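Under our numbering, think of the first position of the sequence shown as 1, with each following residue one higher.
Down below is the structure, laid out as structure tokens.
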Amino acid sequence: ECMLQFLGIMSMALILAPILYAAAIGPAAVLVVLKPLSMVLLLIYVTGAVVPISIYCAFLIMAAVNFVTGRHDYKRERLAALANHLVDEKGQPLYDVVLLQEFLGTWYSDANRQSFIRAMAERGYSYTAMPDATATLPSMWANSGLAIFSQWPLSDPVHTLYHKQMMYDYFAVNRGVLGATVHLRNGQLVRAFTTHFAPPLAVLDVFSGLPTFVHRALDVHPLQATHLASIISSAR
Numbered sequence: 001e002c003m004l005q006f007l008g009i010m011s012m013a014l015i016l017a018p019i020l021y022a023a024a025i026g027p028a029a030v031l032v033v034l035k036p037l038s039m040v041l042l043l044i045y046v047t048g049a050v051v052p053i054s055i056y057c058a059f060l061i062m063a064a065v066n067f068v069t070g071r072h073d074y075k076r077e078r079l080a081a082l083a084n085h086l087v088d089e090k091g092q093p094l095y096d097v098v099l100l101q102e103f104l105g106t107w108y109s110d111a112n113r114q115s116f117i118r119a120m121a122e123r124g125y126s127y128t129a130m131p132d133a134t135a136t137l138p139s140m141w142a143n144s145g146l147a148i149f150s151q152w153p154l155s156d157p158v159h160t161l162y163h164k165q166m167m168y169d170y171f172a173v174n175r176g177v178l179g180a181t182v183h184l185r186n187g188q189l190v191r192a193f194t195t196h197f198a199p200p201l202a203v204l205d206v207f208s209g210l211p212t213f214v215h216r217a218l219d220v221h222p223l224q225a226t227h228l229a230s231i232i233s234s235a236r
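Right under this line is the structure:
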């Protein structure tokens, strides 16, 4: 069996740290990362081999949101800085695997996402797993925003949506789970998953102004966690 040992988690103040779960699956390993709203750096031991994994929230929200709010969130500049941050001084990849959330693609605006994909390939992260930019029902506007970049070949991608867990943004963002098998240089197989849960109740309470009991009625985290567990089990 492969034993995963989490060595370190760093998160920004006032932002919820992600829930991390790992389970052995014989010659491979399953890593599940629930949505981090801030940068999280991990080192994970897999049968004695250290697998550097970097996890980021890209915050690549739809341009329509910027138009409504009148805010410029510097998508292009932030993505360029992120791509440069993921390599060393010689331009070589710092991590084996990079997991992204809120890397949203839309049918009407996908230039920033495609530019970042090319930049990552130029920096050695040549293998990717992600949904198409063209969103599928229920959302007309954006895909799940999940992405996996890797130095090493990826296989067996799986992308599943949380169709039954309706939230206020159900028709805007296709929240779900993305996973793939990473074929490391030493022959190890690591099964990596990333997911984007609905916003926590605390965030809704602060920003929406709605009564707390309304948000608790809309709390879909238990349902999403159950769905996620079934996906993990099927990957064994």
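Every residue gets a Cβ at the ideal spot worked out from N, C-alpha and C, and that includes glycine.
Please read all numbers here as calculations on a predicted model, not as lab measurements.
Could you check what DSSP says for residue i in three-state terms: helix, strand or coil?
i: Arg185; result: coil
i: Lys35; result: Per-residue confidence for Lys35 stands at a pLDDT of 33, beneath the threshold of 50, marking its modelled position as unreliable; the derived number appears in the next sentence. Residue state, collapsed to three classes: coil.
i: Ala229; result: helix
i: Ser115; result: helix
i: Leu86; result: coil
i: Ala192; result: strand
i: Pro222; result: helix
i: Leu104; result: coil
i: Leu94; result: coil
i: Ala81; result: helix
i: Ala121; result: helix
i: Arg175; result: coil
i: Ser234; result: helix
I'd like the span of the beta strand (DSSP E) that includes residue i, first residue to last.
i: Ser144; result: Segment: none, Ser144 is in no beta strand (DSSP E) and carries neither H nor E.
i: Val158; result: 154–161
By a C-beta neighbour count over all protein chains shown, 10 Å radius and 16 as the cutoff for buried, is residue i buried or exposed?
i: Asp132; result: exposed
i: Tyr162; result: buried
i: Lys75; result: buried
i: Gly187; result: exposed
i: Ser144; result: buried
i: Gly91; result: exposed
i: Ala192; result: buried
i: Ala180; result: buried
i: Asn112; result: buried
i: Asn84; result: exposed
i: Arg175; result: buried
i: Thr194; result: buried
i: Gln114; result: exposed
Quick one: give me the first and last residue of the alpha helix (DSSP H) that residue i is part of.
i: Gln101; result: Taken as a continuous stretch (DSSP letters only), Gln101 belongs to no alpha helix (DSSP H), being part of the beta strand (DSSP E) at 97–101.
Taking 8 Å as the threshold (C-beta atoms), are residue j and residue i in contact?
i: Leu189; j: Asp96; result: no
i: Leu228; j: Val177; result: yes
i: Val98; j: Leu86; result: yes
i: Tyr125; j: Ser155; result: no
i: Pro157; j: Ala129; result: yes
i: His159; j: Gln101; result: no
i: Asp88; j: Leu82; result: no
Taking 8 Å as the CB-CB limit, is residue i close to chain D?
i: Asn143; result: In summary, chain D is missing from the structure at hand, where a single protein chain is found.
Per DSSP, residue i forms a beta bridge with which residues?
i: Ser126; result: None; Ser126 has no bridge partner.
i: Ala180; result: Ala192
i: Ser150; result: Val97, Tyr127
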